[in-house]
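K.L.:
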Amino acid sequence: MHFKSKTKLTAAVKVNSEKEGSPYNPDFVAKIMESKKQVGEGKYITLDPNKSIWENFNN
Numbered sequence: 000m001h002f003k004s005k006t007k008l009t010a011a012v013k014v015n016s017e018k019e020g021s022p023y024n025p026d027f028v029a030k031i032m033e034s035k036k037q038v039g040e041g042k043y044i045t046l047d048p049n050k051s052i053w054e055n056f057n058n
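Numbering of the sequence shown is given in numbering that gives the first Met the number 0, commencing with residue 0 and proceeding in unit increments.
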């Protein structure tokens with residue numbers, strides 16, 4: 000493409016790539032936000048890498 004002025008070139012190239020809203024499923028976002036809230040409240044467990052997964056959950 001050939002443009003006679005930079006203004007026309009800039010106008011042609013300016014494309015609004017922003018989308019309204021989130022690209023994520025609202026249910027998924029709600030689960031992530033709930034998990035962040037729980038971590039902030041201290042509602043999480045830490046796994047011991049020296050134990051099996053079952054030993055970590057049975058204690």
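We treat Cβ as the ideally placed atom computed from N, Cα and C, and that holds for glycine.
Using alpha carbons as the reference points, say which of Q37, G39, N57 and K36 lies closest to L46.
P.N.:
Checking every option, the nearest Cα to that of L46 belongs to N57.
K.L.:
Looking at the unbroken alpha helix (DSSP H) that takes in I44, where does it start and where does it end?
P.N.:
Premise fails: I44 is in no alpha helix (DSSP H) and is neither H nor E.
K.L.:
Can you grab the Cα-Cα spacing for the pair A11 / E19, in whole Å?
P.N.:
Straight-line Cα distance between these residues: approximately 22 Å.
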